[in-house]
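A.B. asks:
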Amino acid sequence: MVKLKMEDPDKYKQVSDEDKKIFRDAVGKIERIKNNSNNNCKKPKPLPSVRKNDEDSTDNGYEINNTSSYLDKVDGNTEIKFCRAGENNRIFKRLRQGKIKYKDKLVLRGLTVSEAKKDLGRFINNSSYLYPDCVLIVHGKGHGSKNNSPKIKNKLNQWLRDEAAVWGFHSAQPKDGGTGAIYLILKAGEK
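Numbered by the working numbering, the letters in the sequence shown go through residues 56 to 246 in order.
#1: Can you give me the Cβ contacts of I36 inside the same chain, cut-off strictly under 6 Å, excluding the 5 residues immediately before and after it?
#2: What would DSSP say about G252, mapped onto helix, strand or coil?
#3: Looking at G195: is its Cβ nearer than 8 Å to the Cβ of N203?
#4: Distance check for K208 and G235, CA to CA, integer angstroms please.
#5: Cα separation between D174 and L211?
#6: Provide the residue span of the alpha helix (DSSP H) that contains V82, from first to last.
#7: Check A171 in the structure and name its three-state DSSP category.
#8: For G223, which option in D231, C189, A81 has the closest C-alpha, if you only look at C-alpha atoms?
#9: Could you check if G141 is buried or exposed, using at least 16 other CB atoms within 10 Å of its CB as the buried criterion?
#10: Which residues mark the beginning and the end of the alpha helix (DSSP H) in which L211 is found?
#11: Let me know if G232 comes out buried or exposed under the rule of 16 or more other beta-carbons within 10 Å of its beta-carbon.
#12: Does the Cβ of L126 have 16 or more other Cβ atoms within 10 Å, making it buried, or fewer, making it exposed?
#13: Short check: CB of I146 to CB of Y238, under 8 Å?
#14: Would you check if the distance between the CB atom of L163 and the CB atom of I192 is smaller than 8 Å?
#15: Quick one: does the C-beta of K148 sit closer than 7 Å to a heavy atom of the ligand NAP?
#16: Quick check on this structure: which residue in Q152, L241, G83, R79 has the alpha carbon closest to the alpha carbon of G176?
What follows is the structure, encoded as structure tokens:
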């Protein structure tokens, strides 16, 4: 390794008066900013990504949108829920209580995020839309993943909110998987 030796290091630390004048002319008038301890500015939320990658579509041509990337992450024991605006609150209450019998079941637990997205897309695409169906989706709590983070649960919470065929969903009752699963109602007539 070659080391360079400076002849006069102080020579490079000093700025000439001419250079100072050129700098001041270029920058213009400067005013000191007063310290404002009441700064209420919040960092803006990032815009949803519109770029699609290989995880955004399934191999059967069905696509799951991913625009709700602004949602806060949840842990394995947190309930997740969603209901379309203007939908029947009584039905959503029965869904929450586990009183609507599910007609089909999808297990995503143990899959990668990419595999889970493909399976979910196929499942929704192949489901019957003649009448609103309640299905059970088991996503797991993330105990087997790195840092015990429920990646599939968080992604599912995003994907289903953007899916037109989804009427609503709620974390399941303990007998059906608790916060490691959701009840999902699909809208009638969507396909």
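In this text, a Cβ means the ideal position worked out from N, Cα and C, and glycines have one as well. Quick caveat, the model's predicted, so the values are computed rather than measured.
C.D. replies: Quick look at the numbers:
#1: The shown model of the chain, from 56 to 246, leaves out residue 36, and the question about it has no answer.
#2: In this structure the chain extends from 56 to 246, so residue 252 is not present and cannot be described.
#3: no
#4: 8 Å
#5: 12 Å
#6: 72 to 82
#7: helix
#8: C189
#9: exposed
#10: 206 to 216
#11: buried
#12: exposed
#13: no
#14: yes
#15: The model depicted lacks the ligand NAP and carries no ligand whatsoever.
#16: L241
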